[in-house]
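A.B. asks:
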């Protein structure tokens, strides 16, 4: 293993030398962010290689307006809110699902659990807080289809599902031109396939490497990106071959396509991105919580002083935010990147404090 | 007058009347048969063979009440014994008090009490005092147990933060995270939960043997809530020295790692109920390891870190398997509700 690490570090060093400037690599996925910190990889990288944490944590990229709608729904006595655990602590403009102490807020591990809640509580409407990327969207779609076929009408979803590639395009096309290359998410790529990143290399000439979450995979993924940058190449490469194919999981993709259509959607920090959010198709629209309750997602300002938006674009590191470690901690989070265990701020706080920054 | 037999706990079982007496004589005393308890006095009278004693207490509210590798009864006895053990004491006697929810199955209570008795017997500790209260349905979650424990200090043993110095070795007696991940997996209904088992065990037989063989041991602590991360941070903060842990040497079961990855937990933060962290001078480390490895509770023991000079204040760092370094924080403490 040490030999492989040495080889990878040599590639990184020579790319830094050849380019003669700082190299900025974005790890898109929150699981990568945490793995990089947990394995202490940052201090092992060359000084001129900077890792930027990207918009790949579903809780973090969820727009403030969406959070405010979940709070509105939680106030309704005829609803049960079924949500993934991380979401309950994200502050809205008036508290969070957690601080409201509502007995109708239930933590679930899957959309299937939310559907079971609906079956067991026929006199309430269960609203599933459906966040996540292409990884969790198929399971939500299956739950909606099951509710449809079995006539479970007291179930609906508040879709916050998002697509990864449009966000990467928005980043390099507009928000952050400094990104040189992308370390692409392992889990999402299992579903969408490595070919999904072809637009990033063809239109934006940014190398993409799909890697798994073991430290060696991450190190070799970064090294692969460095090799491409040094060679002036921009290609899609996957070193997560065991599970990621070029085409991805066709079955999961078609389940998403059956239920959802991509529409323009709001992202924290990135604003509105064309065709980046999944909305239920017309035939399933009665399971859309916005339709059922006549609600509209209104863009909301980020909370005062919170710079999660800039963190998510790789424009600043968490310690550059004045709230970090002071007003904003995991015990008392201001922004979602400190709430989610996969958030960049939470990872910096937990694993990065007390050490000199690597960049 | 004859009472109608019941298979559930009623409020009257805690009322101090006939049903309480029945509960004590039929369900409790037979399991904890010892002369002191049998006297049913208002206080237990003990004769100890040392004037130096350790005294501790802890309450147990674990959910679920039964888990792979143990239950709330075993946990309540072992947990308090372990607090005495790591303080350098030989546990002698425990009290055991229960707060039970009305409607609780008597059969389930019997199982819990039998398990508590077995754990106490195994550690040669007597349960010499106790109490039972019953609260209305909904006022408790099944059963809560409090135990308090008394132990006599082992001779020539001096365990304190103050003796810890840079260069000292940090030893653990086996795999981390087994208890916390077992509880969490069972709560979350993860499919591979059957591969996980709590490490819940009385550490006293092991710690007494270690301290007899190596009285120079400087410090011991059981890494329960907050896991190894909390324990080493307490050591660092209390001594002012830094600590380096070696990831490659920290014993972890693959199934436990898989469960932690799935639920997004860092095993360093996860509770143990049968583990002890030992800090000792380098020249006695091998001796301590030998003693551990010769005991069933320490077969997987290893040196997992070292106390280091602190440069800008004490920090705990993990040297990762790939040669990276990262901070190990004191856990926030809200990740795992009601695990013990």
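Protein chains in written order, with the working numbering: chain B, 1405 to 1763; chain H, 31 to 370. Cβ coordinates follow ideal geometry from the N, Cα and C atoms, glycine included. As the structure is a prediction and not an experimental result, all values here were calculated from the model.
Closest to residue 288 of chain H by CA distance: which of H:207, H:354, H:317, H:303 is it?
C.D. replies: Closest option to residue 288 of chain H, Cα to Cα, is H:207.
A.B. asks: Does residue 1763 of chain B get closer than 8 Å to chain H when you measure Cβ to Cβ?
C.D. replies: Bear in mind that a pLDDT of 33 at residue 1763 of chain B, under 50, signals an unreliable position, so the model cannot answer this.
A.B. asks: Among the residues of its own chain, which have a CB less than 8 Å from the CB of residue 290 of chain H, if the five just before and after it don't count?
C.D. replies: 207, 211, 296, 297, 300.
A.B. asks: Around the Cβ of residue 1512 of chain B, are there at least 16 other Cβ atoms within 10 angstroms (buried) or fewer (exposed)?
C.D. replies: Per the 10 Å Cβ criterion, buried.
A.B. asks: Using DSSP's beta-bridge definition, name the partner residues of residue 1465 of chain B.
C.D. replies: Bridge partners of residue 1465 of chain B: none, in fact.
A.B. asks: Anyone know if the C-beta pair for residue 1602 of chain B and residue 1653 of chain B falls short of 8 Å?
C.D. replies: Not in contact: residue 1602 of chain B and residue 1653 of chain B (Cβ atoms no closer than 8 Å).
A.B. asks: Under the three-state reduction of DSSP, which class applies to residue 158 of chain H: helix, strand or coil?
C.D. replies: Note: residue 158 of chain H maps to strand in three-state DSSP.
A.B. asks: Given that a residue counts as buried once 16 or more other Cβ atoms are within 10 Å of its Cβ, and exposed if not, what is residue 350 of chain H?
C.D. replies: Classification for residue 350 of chain H: buried.
A.B. asks: Could you compute how far the alpha carbon of residue 203 of chain H sits from the alpha carbon of residue 1703 of chain B?
C.D. replies: Computed Cα separation, rounded: 54 Å.
A.B. asks: Quick one, which of B:1431, B:1467, B:1599, B:1447 has its alpha-carbon nearest residue 1456 of chain B's?
C.D. replies: Checking every option, the nearest Cα to that of residue 1456 of chain B belongs to B:1431.
A.B. asks: Between the alpha carbons of residue 205 of chain H and residue 1600 of chain B, how many angstroms are there, rounded?
C.D. replies: Approximately 41 Å, taken between the alpha carbons.
A.B. asks: Taking only three categories from DSSP, how would you classify residue 356 of chain H?
C.D. replies: Three-state result, residue 356 of chain H: strand.
A.B. asks: Interface residues of chain H around residue 1353 of chain B at Cβ under 9 Å?
C.D. replies: This structure cannot settle anything about residue 1353 of chain B, because the visible part of chain B is limited to 1405 through 1763.
A.B. asks: To be precise: take each residue of the region 1415-1441 of chain B, compare its Cβ to all Cβ atoms of chain H, and keep it if any distance is under 7 Å. Which residues remain?
C.D. replies: Answer in chain order: 1441.
A.B. asks: Within 10 angstroms of the Cβ of residue 342 of chain H, are there 16 or more other Cβ atoms? Answer buried if so, exposed if not.
C.D. replies: Exposed.
A.B. asks: Within the region 1660-1734 of chain B, note down every full alpha helix (DSSP H) run reaching 4 residues or more, in order along the chain.
C.D. replies: Fully enclosed alpha helix (DSSP H) runs of 4 or longer: 1693-1697, 1712-1716.
A.B. asks: State yes or no: is the C-beta of residue 1537 of chain B within less than 8 Å of the C-beta of residue 1562 of chain B?
C.D. replies: No, these two residues do not count as a Cβ contact at 8 Å.
A.B. asks: Using the Cβ count rule (16 or more neighbours within 10 Å means buried), how would you classify residue 1416 of chain B?
C.D. replies: Buried: at least 16 other Cβ atoms inside 10 Å.
A.B. asks: DSSP three-state label for residue 46 of chain H, please.
C.D. replies: In this structure, residue 46 of chain H counts as coil in the three-state DSSP scheme.
A.B. asks: With a 10 Å radius around its C-beta and 16 neighbouring C-beta atoms as the bar for buried, classify residue 1531 of chain B as buried or exposed.
C.D. replies: The residue in question, residue 1531 of chain B, is buried, as its Cβ has 16 or more Cβ neighbours within 10 Å.
A.B. asks: Would you tell me roughly how many angstroms separate the C-alpha atoms of residue 1497 of chain B and residue 1701 of chain B, rounded to the nearest one?
C.D. replies: The alpha-carbon atoms of residue 1497 of chain B and residue 1701 of chain B are separated by roughly 14 Å.
A.B. asks: Please report whether the beta-carbon of residue 1579 of chain B lies at a distance below 8 Å from any beta-carbon of chain D.
C.D. replies: Going by chain labels, chain D is absent from the structure shown, which instead holds the protein chains B and H.
A.B. asks: In chain B, which residues lie with their C-beta within 7 Å of the C-beta of residue 294 of chain H?
C.D. replies: Ordered by position in chain B, the residues that pass the 7 Å Cβ test against residue 294 of chain H are 1745.
A.B. asks: Thinking C-alpha only, which one of B:1590, B:1604, B:1750 is nearest residue 1645 of chain B?
C.D. replies: The shortest C-alpha separation from residue 1645 of chain B is found at B:1590.
A.B. asks: With DSSP run on the structure shown, which of helix, strand or coil describes residue 1532 of chain B?
C.D. replies: Strand, per DSSP.
A.B. asks: May I have the straight-line CA-CA distance separating residue 199 of chain H from residue 1509 of chain B, to the nearest angstrom?
C.D. replies: Cα to Cα, the separation comes out at about 47 Å.
A.B. asks: Under 7 Å Cβ to Cβ from residue 276 of chain H, same chain only, skipping five residues before and after it: list those, please.
C.D. replies: 334, 335, 349.
A.B. asks: Quick test of your reading: residue 102 of chain H and residue 213 of chain H, contact by CB under 8 Å. State the CB separation rounded to the nearest angstrom.
C.D. replies: That belief does not hold up - the Cβ atoms of residue 102 of chain H and residue 213 of chain H are roughly 11 Å apart, past 8 Å.
A.B. asks: Taking the continuous beta strand (DSSP E) assigned at residue 176 of chain H, which residues delimit it?
C.D. replies: Segment 173-183, the beta strand (DSSP E) holding residue 176 of chain H.
A.B. asks: Quick check on residue 306 of chain H: does DSSP put it in helix, strand or coil?
C.D. replies: It is coil, neither helix nor strand.
A.B. asks: Taking the Cβ atom as the reference point for each residue, do residue 184 of chain H and residue 123 of chain H lie within a distance shorter than 8 Å?
C.D. replies: The answer is no: Cβ separation not under 8 Å.
A.B. asks: Considering only residues of the same chain and omitting the five flanking positions on each side of residue 1748 of chain B, which have a CB-CB separation below 7 Å?
C.D. replies: The residues are 1437, 1457, 1715, 1722, 1741.
A.B. asks: Check the Cβ-Cβ distances between residue 1765 of chain B and every residue of chain H, and say whether any is below 8 Å.
C.D. replies: Residue 1765 of chain B falls outside the range modelled here, since chain B spans only 1405 to 1763, and no answer is possible.
A.B. asks: Alpha helix (DSSP H) containing residue 121 of chain H: first to last residue?
C.D. replies: Not the alpha helix (DSSP H): residue 121 of chain H falls in the beta strand (DSSP E), residues 119-131.
A.B. asks: Closer than 8 Å by beta-carbon distance: list the chain B residues that pair up with residue 362 of chain H, in chain order.
C.D. replies: Near residue 362 of chain H (Cβ distances below 8 Å), the residues of chain B are 1734, 1735.
A.B. asks: Would you kindly work out how many angstroms separate the C-alpha atoms of residue 107 of chain H and residue 150 of chain H, rounded to a whole number?
C.D. replies: Near 6 Å, if we compare the C-alpha coordinates of residue 150 of chain H and residue 107 of chain H.
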